[in-house]
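Residue numbers (our numbering): 51 to 677.
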């Protein structure tokens with residue numbers, strides 16, 4: 051709705067209204083973070099101007115010294131964060147402050163737990179840091195003029211967070227943005243010099259631009275931060291707390307990182323890297339298309355936010371900075387992709403991340419368990435995508451196994467090998483849809499009886515991962531639900547070998563009944579308590595992989611499993627003694643149906659199964675009544 055020819059009142063995007071209500075009424079436990087978010091935004095604006103000025107030097111005009119000013123007025127209860135960075139045009143103000151251009155706000159709102167302390171930690175991860183201003187302010191005014199535009203094209207945005215905002219043109223002598231917070235009575239402490247200075251030193255000391263502080267009665271503003279890019283300092287000069295705060299500035303994450311690596315490379319290629327491993331997975335971890343990567347600087351000049359060329363896709367969760375002395379200053383995204391030194395830098399940085407993780411896994415298993423719970427599935431992508439680092443990645447893998455059932459700690463391949471039975475030349479695993487299915491699989495019965503450990507794999511990527519891994523330390527990975535089960539020799543083996551011929555008649559009867567559904571029927575050497583199980587051939591796709599490919603619309607050749615029966619089981623013995631062919635056929639189909647259900651498959655004809663079971667139960671009831 052237009053109030054005058056120049057002043058407009060517009061409504062927030064629906065999700066922003068919800069978000070503002072959350073900010074204003076719920077998030078009270080971390081009020082002070084608003085200043086970090088606004089100073090960080092001002093720093094980004096200065097970085098972006100410096101980058102655009104590489105091709106358009108006139109944007110800097112006669113104001114080339116980039117800086118951030120914070121002005122406060124205790125009596126008026128106002129706090130202003132001012133930068134002389136890139137600024138915003140009218141359309142940019144509406145887009146950036148009236149809507150959420152970055153995807154994810156709906157996910158942010160869905161993840162609200164109702165616990166203010168926990169919910170506050172989600173700010174920033176969803177690109178909503180600006181709105182934290184409404185935690186302490188009952189009105190926010192933003193005045194901005196984009197670099198390169200005339201003074202008359204400046205614009206003022208204002209809102210009290212009630213669902214609407216106003217936009218009107220103003221005139222500003224200089225470029226940049228001023229964000230003015232009209233503080234609530236309860237939050238007037240944020241208009242006091244000592245409080246502001248303490249927060250800047252705590253959260254923003256690492257900002258690469260000077261942060262100047264002045265009050266209404268001060269004559270000269272004073273610099274209150276070190277104004278030195280943290281990654282340019284020596285490792286011995288930087289405290290752990292500074293590293294942690296820089297990570298929070300970089301990632302907008304409230305949790306401390308699990309670890310970091312600060313390294314300067316000199317010689318043929320010169321660059322500095324500061325890499326962080328987060329403690330929590332971002333909400334969009336599984337969206338492989340979202341912007342991701344490291345913050346790139348060339349000779350301390352900001353180039354881009356999401357330089358994805360320096361790390362492989364499976365390490366998309368890594369945060370950090372790369373500052374190179376070798377890349378040209380006029381580098382563009384296209385040129386960056388073609389630069390001859392990039393592949394070598396990517397290789398080195400990838401190994402550095404994997405070395406960080408290896409060190410964590412060796413020195414702090416509890417912390418590594420936290421990492422694996424958050425990022426284990428994307429690390430498995432590395433086995434498929436990064437053959438060069440296959441050995442390093444294999445040592446980082448962790449799996450639930452029959453050895454660790456009920457335990458908090460997953461097991462490594464080295465753990466498995468250290469417990470392997472004498473003469474065991476295979477690493478056994480089983481694939482399934484979920485933990486409960488694989489844990490209860492009848493395929494594990496013989497292995498459990500012999501005390502042989504089996505990895506329980508139920509992540510969607512596991513079928514591809516094990517195919518690419520193949521073997522480890524000379525031991526072949528073997529799916530216990532496919533092909534023959536080749537176990538270390540036991541006393542029972544010689545007795546089992548004679549069972550096929552002895553029970554051939556019943557096997558042939560079952561095979562004849564089930565010929566449309568199974569390839570063959572044989573005596574099982576992997577069952578102890580269950581009557582039967584289905585087994586895919588070594589060359590066939592696993593049932594899990596087949597179901598995923600079929601669900602994606604791919605046409606696959608017909609494949610029938612092998613049915614293995616436990617000849618010692620009472621139900622199978624009942625089959626052997628059954629003379630009624632109709633009852634024999636029904637029971638044979640029920641045995642196969644149960645075997646398929648146990649592995650997680652869906653029955654092709656559930657109605658037929660239900661009918662057989664109903665008839666079978668009625669028959670049992672009649673026999674019970676007659677007795």
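Note that beta-carbon positions come from the ideal geometry of N, C-alpha and C, so glycine has one too.
- When only Cα atoms are considered, residue 451 and residue 445 end up about 16 angstroms apart.
- In the structure shown, residue 352 adopts extended strand secondary structure according to DSSP, grouped into three states.
- One Cα belongs to residue 142, the other to residue 248, and the distance between them is close to 32 angstroms.
- Assignment of beta-bridge partners to residue 313 by DSSP yields 323.
- For residue 87, the CB contacts under 6 angstroms within the same chain, skipping 5 residues up- and downstream, are 179 and 182 in chain order.
- Pairing residue 371 with residue 254 gives a Cβ-Cβ distance that is not under 8 angstroms.
- In the DSSP assignment, residue 219 forms a beta bridge with 205.
- If you look at residue 118, you'll find it in the beta strand (DSSP E) that goes 118-123.
- Where residue 94 is concerned, the enclosing alpha helix (DSSP H) starts and stops at 83-102.
- Only buried fits residue 400, as 16 or more other CB atoms lie within 10 angstroms of its CB.
- The C-beta of residue 293 has 16 or more other C-beta atoms within 10 Å across all chains shown, which makes the residue buried.
- Pairwise C-beta distances place the segment 110-119 out of contact with the segment 231-240, as fewer than three of them are shorter than 8 angstroms.
- Boundaries for residue 335: no alpha helix (DSSP H) harbours it, and the DSSP string shows neither H nor E there.
- Using a Cβ-Cβ distance cut-off of 8 angstroms, the segment 464-475 and the segment 403-415 are not in contact, since fewer than three pairs of beta carbons, one from each stretch, lie closer than that value.
- In this structure residue 667 is exposed. Its beta-carbon is surrounded by fewer than 16 other beta-carbon atoms within 10 angstroms.
- Across the structure, residue 243 and residue 122 are spaced so that their CA atoms are roughly 8 angstroms apart.
- Judged by DSSP secondary structure, residue 405 falls within the alpha helix (DSSP H) whose first and last residues are 392-413.
- Annotated three-state conformation of residue 370 is strand, per DSSP.
- Fewer than three beta-carbon pairs drawn from the segment 337-345 and the segment 306-317 are found closer than 8 angstroms, and the two stretches are therefore not classed as touching.
- CA-CA distance, residue 144 to residue 351, rounds to 28 angstroms.
- Between the segment 647-656 and the segment 572-589, the count of C-beta pairs closer than 8 angstroms reaches three or more; the two stretches touch.
- Following the DSSP letters along the chain, one finds residue 666 inside the alpha helix (DSSP H) bounded by residues 656-676.
- Less than 8 angstroms separates the beta-carbon of residue 281 from that of residue 373.
- Minimum Cα-Cα distance from residue 63 among the listed residues 213, 138, 189 and 202 corresponds to 213.
- Taking the CA atoms as reference points, residue 498 sits about 19 angstroms from residue 526.
- Note that the segment 188-204 touches the segment 99-110; at least 3 beta-carbon pairs, one per stretch, sit closer than 8 angstroms.
- Rounded to the nearest whole angstrom, the CA to CA distance from residue 361 to residue 432 is 11 angstroms.
- Residue 497: member of the alpha helix (DSSP H) spanning 495-499, first to last residue.
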